[in-house]
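Residue numbers (my numbering): 630 to 1098.
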Ligand code: C2O
Ligand code: CU
Ligand code: CU
């Protein structure tokens, strides 16, 4: 990016602009274009009341909110002030995996910048997030603080049952402190995925919120490296699920409990029936790995406004197309085992799956390991057709599916649009960094794709833990 662009942003460079936007809580919404700038840089964060060195987007954790409407263009001037390469991945977004959009082959060396630009299309309103995707550096960059939220708004958000709710983004991750900062990586962390005993909501420990409406709409995002979250409300009150990953469901589904694997999102409505505060709880979940128990009494507490009554529940949300498994021309098997996909470790140059634009594919994904693995595909959302041979209770678009040991899910994956090369992987960040990842290439009809640029991300290089700036 040249000097001109920089000058156009005036004094609002990097962290300052990001901070301003976050205080107002919203990015500027104007027809057409949402433009902002921030960096990834060493900084000081506050974790459990202690000031610790971290790596931060726009100087804070979570990073600045990227908020835009369907059809609007996001232009994001991003600078890398880390001592190692990085980049951005816009997790779950149905945008091209090429060019300046969700292109994981963009690698930004220390001291350089890059302008990302993309336009989410109609029907993509939902909750997403961004994080680094520089192979072998992802787990450390995420653990030390790099993650931020994305909200895409659409016509459904205007329905009164949703618009009048008190809407909150809730980025959830666990932490462990050690010495002067966040705990460093141990050999065992690479095997099981790094976890800590404290769960933070938007970087805060056990926050208490005064709500402004008789119904809360929580956009829950699991940005943890490895922790799987079982979530429930105090007194086992029902919560009403309205969206999973990026997309709305057809109608609210009432649940007593929700499993949110790393990278997954869920939107829930929480009605305050009797004026009493409600806590979000995270009971222990056994994912087949020695997970430290959470010390939290609760994740967060919500106090309803006095005298408020809950909003009516929306009766209908999105209309989701059914996908016909008989129309799938290609059937694939994807076997997950420790650090391997179909018995192979990730290689940057190798293409593992070649598909064709326009095809519907059927993927049988199995977990052959002894711990849970959340399977994630970039760019193209899919539907779960069967889990262990059974049809799911309701239809949903997903980008990440959690598999327990021995489980098999059958996915229907339509490659309706966006040719290009990108990745699928286990979303335990350490597993992906260790090679539990593959490359998929969707070719346009009769098409050809350029090979990716040479890799620069691979570790070790630069500082591998944040230091005091
Ligand atoms: Cu959040 Cu490649 O993923
Ligand atoms: Cu992703
Ligand atoms: Cu895994």
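Think of the CB as a built atom: it goes at the ideal place given N, C-alpha and C, for glycine as much as any other residue.
Remember, it's a predicted structure, so these values are computed and weren't measured experimentally.
Item: For residue 707 and residue 973, the rounded distance between their alpha carbons; Value: 34 Å
Item: C-alpha gap between residue 761 and residue 935, whole angstroms; Value: 42 Å
Item: Beta-carbon spacing of residue 776, residue 671 below 7 Å; Value: no
Item: Sequence-distant residues of the same chain with beta carbon closer than 6 Å to residue 845, five excluded per side; Value: 795, 899 and 931
Item: Residue 892: CB within 6 Å of a non-hydrogen atom of ligand 1; Value: yes
Item: Residue list, Cβ distance to ligand 3 heavy atoms smaller than 5 Å; Value: 1002, 1055, 1057 and 1060
Item: Backbone CA spacing between residue 990 and residue 1069 [nearest angstrom]; Value: 13 Å
Item: Check whether residue 913 and residue 1001 have beta carbons under 7 Å apart; Value: no
Item: Residues near residue 962 in its chain [Cβ-Cβ closer than 7 Å; skip 5 each side]; Value: 993
Item: Cβ-Cβ separation, residue 864 to residue 893 (assumed contact under 8 Å), whole Å; Value: With a Cβ gap of about 25 Å, residue 893 and residue 864 do not count as contacting.
Item: Closer than 6 Å: residue 820 CB and nearest ligand 2 heavy atom; Value: no
Item: For residue 915, the residue or residues it bridges with in DSSP; Value: DSSP output for residue 915 lists no bridge partner at all.
Item: Unbroken beta strand (DSSP E) run spanning residue 817, endpoints; Value: Residue 817 -> not in any beta strand (DSSP E); alpha helix (DSSP H) instead, spanning 816-821.
Item: heavy atom of ligand 4 below 6 Å from residue 1007 C-beta; Value: As far as ligands go, the structure on display features ligand 1, ligand 2 and ligand 3 and does not contain ligand 4.
Item: Residue environment, residue 833, which counts as buried when at least 16 other CB atoms sit within 10 Å; Value: exposed
Item: Exposure label - residue 881; buried when at least 16 CB within 10 Å; Value: buried
Item: Beta-carbon contacts of residue 1096 that lie in its chain and below 8 Å, excluding the five residues immediately before and after; Value: 671 and 682
Item: CA nearest to the CA of residue 663, picked from 684, 749, 755 and 718; Value: 749
Item: Buried/exposed call for residue 788, threshold 16 Cβ in 10 Å; Value: exposed
Item: Beta-carbon proximity list for residue 949, same chain, < 6 Å, skipping 5 on both sides; Value: 879 and 1024
Item: Whole-angstrom C-beta distance between residue 828 and residue 923, which should lie under 8 Å; Value: 5 Å
Item: DSSP three-state assignment for residue 978, whether helix, strand or coil; Value: coil
Item: Residue 1045 classed as buried or exposed, judged by whether at least 16 other C-beta atoms fall within 10 angstroms; Value: exposed
Item: Burial state of residue 925 (16 or more Cβ within 10 Å); Value: buried
Item: Residue 723 beta carbon near ligand 2 (any heavy atom closer than 6 Å); Value: no
Item: Buried or exposed (CB count within 10 angstroms, at least 16 for buried), residue 1092; Value: exposed
Item: Helix, strand or coil at residue 775 according to DSSP, with G and I counted as helix; Value: coil
Item: N- and C-terminal bounds of the beta strand (DSSP E) containing residue 764; Value: Residue 764 -> no beta strand (DSSP E), and no H or E assigned at all.
Item: The segment 1049-1069 contacting the segment 736-756, beta-carbon criterion three pairs below 8 Å; Value: no
Item: Simplified DSSP state of residue 954, which is helix, strand or coil; Value: helix
Item: Beta bridge counterpart(s) of residue 675 as assigned by DSSP; Value: 680
Item: Contacting residues, own chain, Cβ-Cβ under 7 Å from residue 1059 (five flanking each side not counted); Value: 768, 818, 819, 822, 823, 854 and 855
Item: Cβ-heavy atom distance, residue 764 to ligand 1, below 6 Å; Value: no
Item: Heavy atom of ligand 1 within 6 Å of residue 718 beta-carbon; Value: yes
Item: Beta-carbon proximity of residue 886 to residue 861, cut-off 7 Å; Value: yes
Item: Counted within 10 angstroms of its Cβ, other Cβ atoms place residue 976 as buried (16 or more) or exposed; Value: exposed
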